[in-house]
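Protein chains: 2
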Amino acid sequence: MSQKGFTLWFTGLSGAGKTTLADRVYDELKERRVLKVEKLDGDVVRTNLSKGLGFSKEDRDTNIRRIGFVCDLLSRNDVIAIASAISPYRAVRDENRALIGSDRFVEVYVEATLDTLVQRDVKGLYKKALAGEIKEFTGVSDPYEAPLHPEVHVNSSTETIDESFDAIIGYLEARGLIEPLPEQAGYSAAEEQAVSAHLEALGYL
Amino acid sequence: MSQKGFTLWFTGLSGAGKTTLADRVYDELKERRVLKVEKLDGDVVRTNLSKGLGFSKEDRDTNIRRIGFVCDLLSRNDVIAIASAISPYRAVRDENRALIGSDRFVEVYVEATLDTLVQRDVKGLYKKALAGEIKEFTGVSDPYEAPLHPEVHVNSSTETIDESFDAIIGYLEARGLIEPLPEQAGYSAAEEQAVSAHLEALGYL
Numbered sequence: 000m001s002q003k004g005f006t007l008w009f010t011g012l013s014g015a016g017k018t019t020l021a022d023r024v025y026d027e028l029k030e031r032r033v034l035k036v037e038k039l040d041g042d043v044v045r046t047n048l049s050k051g052l053g054f055s056k057e058d059r060d061t062n063i064r065r066i067g068f069v070c071d072l073l074s075r076n077d078v079i080a081i082a083s084a085i086s087p088y089r090a091v092r093d094e095n096r097a098l099i100g101s102d103r104f105v106e107v108y109v110e111a112t113l114d115t116l117v118q119r120d121v122k123g124l125y126k127k128a129l130a131g132e133i134k135e136f137t138g139v140s141d142p143y144e145a146p147l148h149p150e151v152h153v154n155s156s157t158e159t160i161d162e163s164f165d166a167i168i169g170y171l172e173a174r175g176l177i178e179p180l181p182e183q184a185g186y187s188a189a190e191e192q193a194v195s196a197h198l199e200a201l202g203y204l
Numbered sequence: 000m001s002q003k004g005f006t007l008w009f010t011g012l013s014g015a016g017k018t019t020l021a022d023r024v025y026d027e028l029k030e031r032r033v034l035k036v037e038k039l040d041g042d043v044v045r046t047n048l049s050k051g052l053g054f055s056k057e058d059r060d061t062n063i064r065r066i067g068f069v070c071d072l073l074s075r076n077d078v079i080a081i082a083s084a085i086s087p088y089r090a091v092r093d094e095n096r097a098l099i100g101s102d103r104f105v106e107v108y109v110e111a112t113l114d115t116l117v118q119r120d121v122k123g124l125y126k127k128a129l130a131g132e133i134k135e136f137t138g139v140s141d142p143y144e145a146p147l148h149p150e151v152h153v154n155s156s157t158e159t160i161d162e163s164f165d166a167i168i169g170y171l172e173a174r175g176l177i178e179p180l181p182e183q184a185g186y187s188a189a190e191e192q193a194v195s196a197h198l199e200a201l202g203y204l
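Residue numbers (numbering that gives the first Met the number 0), protein chains in the order written: chain F, 0 to 204; chain G, 0 to 204.
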């Protein structure tokens with residue numbers, strides 16, 4: 000019955016699929032009646048924690064530390080905190096891991112090639128960044144330091160969202176951070192067919 | 000067994016005793032084995048949430064909203080959040096009350112006269128503020144809007160810390176936000192004397 004808190008930290012380039020996956024995981028946990036889950040994504044963070052911060056390394060680090068501080072407050076009080084932020088610098092991500100504790104920190108690296116992202120470019124940001132209209136754009140004109148040992152590594156250039164989602168949920172279940180769903184009740188399609196055939200042979204159908 | 004979260008919000012001038020009282024309440028709750036309590040006081044907030052903010056009305060409001068955002072995240076997940084911040088503007092305190100919900104927001108106004116604070120002046124700030132060396136100093140050169148209907152109103156010019164502390168704990172118990180201590184077991188001194196006398200009369204002592 001008692002829930003253990005942890006932080007699920009999505010990192011990766013803009014447009015890689017962090018928020019899409021974070022939303023899917025959040026919805027799944029809510030559907031499973033996990034009561035204490037909080038999402039700290041781009042909009043929430045920009046409005047409530049990071050107003051006034053820019054895109055210098057220092058400001059980005061402050062932003063990531065701040066989100067980490069809140070994730071820690073939540074995780075250590077049995078809440079699951081789901082954060083998605085580009086969080087381009089490895090050192091400050093690792094600071095958060097140290098603060099929150101390795102037993103409660105799950106880093107999900109959402110990889111995607113720049114080619115994929117430029118093709119996708121839902122918000123038209125890559126086009127502008129490549130044209131030099133946006134400065135300090137991670138992956139184009141600003142560095143991204145990929146995690147060396149993320150707990151989960153998904154790749155939206157080569158996997159479907161469902162596959163990435165399954166990998167994340169599977170990891171959390173395998174590690175005992177969330178409870179696996181009870182085995183599906185009932186029969187598989189093949190079993191059902193066999194049962195039907197059997198009942199028919201006996202004259203019940 | 001299950002704990003209800005709420006926010007205990009201390010407001011008042013610098014030096015009025017907010018942090019002293021917040022610390023006392025925090026320690027008391029820890030002693031009573033209330034497991035989920037978090038303190039958001041000056042230092043914690045300045046380091047982790049408010050770096051870069053100044054003392055303009057806008058920056059002060061941003062700071063108070065930000066603390067409120069975190070208190071809300073905690074309170075709605077069954078954590079007791081204890082915040083102490085000058086929080087001079089009524090409107091933004093009331094915004095936090097609306098966000099967190101009146102059923103979970105307990106405003107404690109820690110009053111003290113300017114005379115008391117200037118005499119006390121532990122950090123020497125009032126002297127500097129009165130000499131014009133610190134600009135935008137609440138209560139001297141910057142406004143403080145006292146709460147109109149705080150849940151608890153204490154006054155460190157006229158009460159001891161113990162009295163203020165008792166008023167706060169008493170309020171929280173009376174409202175059912177924390178459990179009252181079980182009645183002291185055993186006898187009072189007078190009762191004990193009576194029992195001893197009785198036993199002695201019977202020849203047992």
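All C-beta atoms, glycine included, are put in the ideal place defined by N, C-alpha and C.
Look at the alpha carbon of residue 42/G and the alpha carbon of residue 12/G, and state the distance between them as a whole number of angstroms.
Along the second sequence, one-based indexing puts residue 42/G at 43. Along the second sequence, one-based indexing puts residue 12/G at 13. Answer to the nearest angstrom: the Cα atoms are 16 Å apart.
Nearest neighbour of residue 44/G, chosen from 72/F, 161/F, 107/F [CA to CA]:
Here residue 44/G refers to the residue found at position 45 when the second sequence is read from its first residue. From the listed residues 72/F, 161/F, 107/F, the smallest Cα separation to residue 44/G is found for 72/F.
Counting only beta-carbon atoms, is residue 47/F nearer than 8 Å to chain G?
Counted from its first residue, the first sequence places residue 47/F at position 48. Cβ-Cβ to chain G under 8 Å: yes for residue 47/F.
Look at the alpha carbon of residue 7/F and the alpha carbon of residue 113/F, and state the distance between them as a whole number of angstroms.
In the first sequence, counting from the first residue as 1, residue 7/F sits at position 8. In the first sequence, counting from the first residue as 1, residue 113/F sits at position 114. Just so you know, the alpha carbons of residue 7/F and residue 113/F end up roughly 24 Å apart.
Since I believe residue 181/F is in contact with residue 141/F (beta carbons under 8 Å), could you give me their beta-carbon distance rounded to a whole number of angstroms?
Start at 1 with the first residue of the first sequence, and residue 141/F comes out as number 142. Start at 1 with the first residue of the first sequence, and residue 181/F comes out as number 182. That belief does not hold up - the Cβ atoms of residue 141/F and residue 181/F are roughly 46 Å apart, past 8 Å.
Can you tell me whether residue 121/G is helix, strand or coil according to DSSP?
Numbered from its first residue, the second sequence carries residue 121/G at position 122. Secondary structure at residue 121/G: coil, using DSSP grouped into helix, strand and coil.
For residue 176/G and residue 3/G, what's the separation of their Cα atoms in angstroms?
Here the question's residue 176/G lines up with position 177 in the second sequence. Here the question's residue 3/G lines up with position 4 in the second sequence. Straight-line Cα distance between these residues: approximately 7 Å.
Closer than 8 Å, CB to CB, is residue 124/F near chain G or not?
Translated into the one-based positions of the first sequence, residue 124/F becomes position 125. No, its Cβ sits nowhere closer than 8 Å to a Cβ of chain G.
Along the stretch 61-83 of chain G, what residues have a CB closer than 8 Å to any CB found in chain F?
Hits within the stretch, in order: 61, 64, 65, 68, 69, 72, 73, 76, 77, 78.
Expressed to the nearest angstrom, what Euclidean distance is found between the alpha-carbon atoms of residue 209/F and residue 62/F?
The requested residue 209/F is not part of the displayed model; chain F covers only 0 to 204.
Element boundaries [alpha helix (DSSP H), containing residue 203/F]
Working through the first sequence from its first residue, we reach residue 203/F at position 204. Note, residue 203/F: premise wrong, no alpha helix (DSSP H); not H, not E.
Neighbourhood of residue 58/G by C-beta, 6 Å cutoff - its chain only, sequence neighbours within 5 removed
In the second sequence, the residue the question calls residue 58/G occupies position 59. Close CB contacts of residue 58/G within its chain, under the 6 Å cut and outside five residues either way in sequence, are with 52 (chain order).
Using a Cβ-Cβ cutoff of 8 Å, what residues of the stretch 34-58 of chain G are near chain F? List them in chain order.
Taking 8 Å as the cut-off between beta carbons, the residues of the stretch 34-58 of chain G near chain F are 35, 37, 47, 48, 50, 51, 52, in sequence order.
At which residues does the beta strand (DSSP E) containing residue 29/F begin and terminate?
Numbered from its first residue, the first sequence carries residue 29/F at position 30. It is not in any beta strand (DSSP E) - residue 29/F instead sits in the alpha helix (DSSP H) that spans 17-30.
Identity of the residue in 91/G, 37/G, 32/G nearest residue 56/G by Cα:
By 1-based counting over the second sequence, the position of residue 56/G is 57. Nearest C-alpha to residue 56/G: 91/G.
Rounded to whole angstroms, what is the Cα-Cα separation between residue 18/G and residue 127/F?
In the second sequence, counting from the first residue as 1, residue 18/G sits at position 19. In the first sequence, counting from the first residue as 1, residue 127/F sits at position 128. The alpha-carbon atoms of residue 18/G and residue 127/F are separated by roughly 49 Å.
Assuming residue 39/G and residue 70/G make a contact with CB atoms under 8 Å, what is their CB distance in whole Å?
Counting from one through the second sequence, the residue named residue 39/G turns up at place 40. Counting from one through the second sequence, the residue named residue 70/G turns up at place 71. The pair is a contact, with the Cβ atoms about 7 Å apart (cut-off 8 Å).
For residue 166/F and residue 94/F, I'd like the C-alpha separation in whole angstroms.
As a working mapping, residue 166/F is identified with position 167 in the first sequence. As a working mapping, residue 94/F is identified with position 95 in the first sequence. Cα to Cα, the separation comes out at about 25 Å.
Only counting the same chain, and skipping five residues up and downstream in sequence, which positions put a Cβ closer than 8 Å to that of residue 207/F?
Because chain F spans 0 through 204 in this model, residue 207/F falls outside it and cannot be assessed.
Measuring straight from C-alpha to C-alpha, what distance separates residue 66/G and residue 67/F?
Start at 1 with the first residue of the second sequence, and residue 66/G comes out as number 67. Start at 1 with the first residue of the first sequence, and residue 67/F comes out as number 68. C-alpha separation (whole angstroms): 15 Å.
Candidates 136/F, 159/F, 195/F, of which the one nearest residue 16/F by Cα
As a first step, residue 16/F must be located in the first sequence, where it is residue number 17. Closest option to residue 16/F, Cα to Cα, is 159/F.
Cα separation between residue 143/F and residue 137/F?
Working through the first sequence from its first residue, we reach residue 143/F at position 144. Working through the first sequence from its first residue, we reach residue 137/F at position 138. Taking the straight line joining both Cα atoms gives about 6 Å.
Nearest candidate by alpha-carbon position, reference residue 83/G, set 76/G, 25/G, 130/G
Locating residue 83/G in the second sequence gives position 84, where the first residue counts as 1. If we check each option's Cα against that of residue 83/G, 25/G comes out closest.
In terms of alpha-carbon separation, which member of 103/F, 196/F, 179/F, 202/F lies closest to residue 30/F?
Along the first sequence, one-based indexing puts residue 30/F at 31. Cα-wise, what sits closest to residue 30/F is 179/F.
For residue 91/F, which of helix, strand or coil comes out of DSSP?
As a working note, residue 91/F is residue 92 in the first sequence. Helix, per DSSP.
Contact check, residue 35/G vs residue 77/G under 8 Å by CB: the rounded distance?
The residue you call residue 35/G lines up with position 36 of the second sequence. The residue you call residue 77/G lines up with position 78 of the second sequence. 6 Å between Cβ atoms; contact.
For residue 96/G, count neighbouring C-beta atoms within 10 Å of its own C-beta (all shown protein chains included) and say buried if the count is 16 or more, exposed if not.
Locating residue 96/G in the second sequence gives position 97, counting from the first residue. Counting Cβ neighbours within 10 Å, residue 96/G comes out buried, since at least 16 surround it.
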